[in-house]
Amino acid sequence: MTAAKHADLDIVPPEGSEALPSGTDLLGDQFTIERPLSNGGFGITYLAKDNFLNRRVVIKECYPEVFCRREGRNVLVRSSVHHEKYRAIVQMFMREARAIAKLKHPNIVGVHRIFEDNETAYMVLDLIEGRDLLSVIKDTYDEVAPDQIKDLLIKVLDAIDLVHQHDLLHRDISPDNILLDKWGNPILIDFGAAREEASRETRAVSTVLVVKDGYSPQEFYFAGGKQSPSSDLYALGATFYHLISGEAPPNSQTRMAEFASKNPDPCEPLAGRFPEYDPEFLEAIDQAMAILPKQRIQTAREWLNTVTGRKDKVRPIRQTSTDDLNKVLSRLVSETNEYLSSEPRGADPRTRRKPTHAEAPILELSDPEPQEEPEEYAWPARDPDRVWSEPVIAKPGRLAVPARRRWWQFSLFGRT
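Residue numbering for the sequence shown follows our numbering, beginning at 1 and increasing consecutively.
Okay, structure coming up:
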């Protein structure tokens with residue numbers, strides 16, 4: 001489901017597609033296919049109607065065409081030897097769809113339902129009406145200012161950071177898979193090729209390659225290639241390389257071949273070419289697009305800190321291990337037993353010794369001092385003669401001010 005497949009609903013899929021025909025019902029009669037939008041290596045995307053909620057949605061069908069074929073409505077394996085591989089991919093599709101549904105983020109498309117039908121699996125997603133970054137790049141009359149591009153990158157990086165925190169990879173980041181909604185917010189879509197990190201992939205899934213020349217890193221081009229969060233960051237860097245330079249970057253396989261031959265990299269760096277941008281901003285994009293994974297930016301959070309100017313790294317909270325807990329409990333039990341064994345049986349409680357060291361109370365409790373009641377805050381009165389064009393935000397001790405307009409209210413789509 002690429003961005004154009006959401007935004008440009010006039011796209012007609014090529015003839016010979018194995019997509020379900022218009023008017024096909026799914027999950028009983030809850031969903032009705034209006035028409036197919038696209039056909040990729042992992043699945044087919046449809047524009048559909050949710051008959052229960054009376055709204056249009058996008059439905060992604062698991063359809064790994066290498067292993068399956070259409071017979072009527074049902075999806076069947078091409079050969080009995082493919083059965084286990086096909087079922088492994090369907091189960092992966094379901095598992096990852098459930099994981100994606102948990103990703104609640106304003107810049108990630110919402111997944112609302114997952115179900116099985118026709119011997120395969122489906123996920124139901126929001127229909128996002130807007131433009132994709134590819135159409136913005138191609139529109140010569142729609143220049144995007146550096147500050148706007150920076151804002152877009154920050155929002156997408158924050159979304160990708162959440163994806164990676166859940167041990168997922170998107171695997172298909174490109175200009176046509178980032179939508180700009182009607183408010184100008186970037187929405188990351190097309191998680192149909194998303195999967196867990198390569199260390200947990202099945203051999204069957206690794207044989208189905210989903211690549212996009214110019215955006216996919218070199219490790220996507222061969223089965224068994226080690227994929228990591230830096231793989232997604234390469235694709236994101238290539239996307240913004242295209243947005244800034246107006247030219248799609250060279251195929252990573254071509255770059256790898258030149259690198260192996262010790263020839264110059266055919267991908268010309270952004271840094272030094274566009275003086276209107278912060279040099280560090282461009283250098284980070286170039287680094288994300290390094291040919292070798294170990295030379296790239298490794299995490300979305302690291303890149304985000306660079307873009308926003310935050311150099312501090314958050315120190316992770318140390319997780320207490322089971323061994324640590326056992327040691328503490330053993331010490332407490334030992335001290336308690338020692339204390340109890342030192343007390344004579346039947347001793348008068350009034351003559352027992354006071355506990356010492358670790359046995360002593362942490363603090364002595366006393367009656368709290370009386371506290372004065374705080375004065376009630378008098379909220380500032382709102383001027384009835386003033387027209388507010390934005391929601392009024394006020395906090396105690398501060399004047400109420402209107403929220404500032406976002407950049408996208410003045411550009412890309414015209415002032416709102």
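Quick reminder that beta carbons are idealized off the backbone N, C-alpha and C, glycines included. Since the model is a prediction, treat every value here as computed from it, not as a measurement.
So the candidates are the options; which of them puts its Cα closest to the Cα of residue i?
i: G487; options: Q218, G309, E96 and A19; result: For the chain, the structure presents residues 1 to 416; residue 487 sits outside this window and is missing.
i: S245; options: L292, A300, A260 and P146; result: P146
i: E129; options: I100, D181 and L103; result: D181
i: N51; options: L236, N305 and V124; result: V124
i: L152; options: R69, F222 and V136; result: V136
i: N305; options: L292, R87, A284 and G272; result: A284
i: G41; options: F191, L243 and H242; result: F191
i: F240; options: K294, D213, L282 and H82; result: L282
i: R98; options: Y277, V144, F222 and H166; result: H166
i: I100; options: E71, F222, T45 and H164; result: H164
i: P229; options: F259, W303 and G309; result: W303
i: V307; options: I149, D142 and S79; result: I149
i: L292; options: Q30, L133, A257 and G309; result: A257
i: M92; options: H105, I59 and L168; result: L168
i: R131; options: S79, Y221, F259 and L179; result: L179
i: Y122; options: L134, Q30 and V144; result: Q30
i: T140; options: E247, A290 and A288; result: E247
Based on the DSSP output, what are the partners of residue i in its beta bridges?
i: G72; result: G72 is not bridged to any residue.
i: L26; result: F31
i: A48; result: I33 and V57
i: I178; result: L188
i: V77; result: C68
i: C62; result: G43
By DSSP, does residue i sit in helix, in strand, or in coil?
i: E18; result: coil
i: N39; result: strand
i: N251; result: coil
i: Y277; result: coil
i: I108; result: strand
i: I149; result: helix
i: F67; result: coil
i: R95; result: helix
i: F191; result: coil
i: Y122; result: strand
i: E116; result: strand
i: G309; result: coil
i: V211; result: coil
i: L168; result: strand
i: R131; result: strand
i: I154; result: helix
i: P269; result: coil
i: D286; result: helix
i: V136; result: helix
i: G225; result: coil
i: D142; result: coil
i: P217; result: coil
Quick one: residues in its chain with C-beta nearer than 8 Å to the C-beta of residue i, no 5 flanking neighbours on either side, listed in chain order?
i: N107; result: K155, V156, D158, A159, N185, P186, I187 and L188
i: I73; result: Reading off the sequence, residue 73 comes out as Arg, not Ile. Around R73: L20, T24 and N118.
i: T254; result: P266
i: R56; result: E34, L47, A48, K49, D50 and L127
Which residues in the same chain as residue i place their Cβ atom closer than 7 Å to its Cβ, once the five residues preceding and following it in sequence are excluded?
i: T120; result: E61, C62, Y63, V75 and V90
i: G23; result: T32 and I33
i: L27; result: F115 and D117
i: D286; result: P269, L270 and A271
i: V77; result: F67, C68, H83 and Y86
i: V211; result: F220 and Y221
i: P279; result: A271
Could you confirm whether any beta carbon from chain B is found closer than 7 Å to the beta carbon of residue i?
i: P266; result: The question asks about chain B, but that chain is absent: this structure has only one protein chain.
What do you get for residue i, buried or exposed, if any count of 16 or more other CB atoms within 10 angstroms of its CB means buried?
i: N96; result: According to the sequence as given, residue 96 is Glu; it is not Asn. Classification of E96: buried, given that the 10 Å Cβ count is 16 or more.
i: A238; result: buried
i: N177; result: buried
i: V81; result: exposed
i: P264; result: exposed
i: T322; result: A caution first: T322 carries a pLDDT of 48, below 50, which makes its placement in the model too unreliable to give a value.
i: R171; result: buried
i: P36; result: buried
i: G214; result: buried
i: T45; result: buried
i: S419; result: Residue 419 lies beyond the range of the chain shown here (1 to 416); nothing can be said about it.
i: S174; result: buried
i: P79; result: This sequence places Ser at residue 79; Pro is not what is there. The residue in question, S79, is exposed, as its Cβ has fewer than 16 Cβ neighbours within 10 Å.
i: R296; result: buried
i: L423; result: Here the chain has residues from 1 to 416 only, and residue 423 is not among them.
i: P249; result: buried
i: H242; result: buried
i: K102; result: exposed
Sorted by chain position, which residues of the same chain lie with C-beta nearer than 6 Å to residue i's C-beta, five sequence neighbours on each side aside?
i: D161; result: A300 and R301
i: P217; result: S231, Y234 and S252
i: G110; result: D126
i: I59; result: Y46, A48, Y122 and V124
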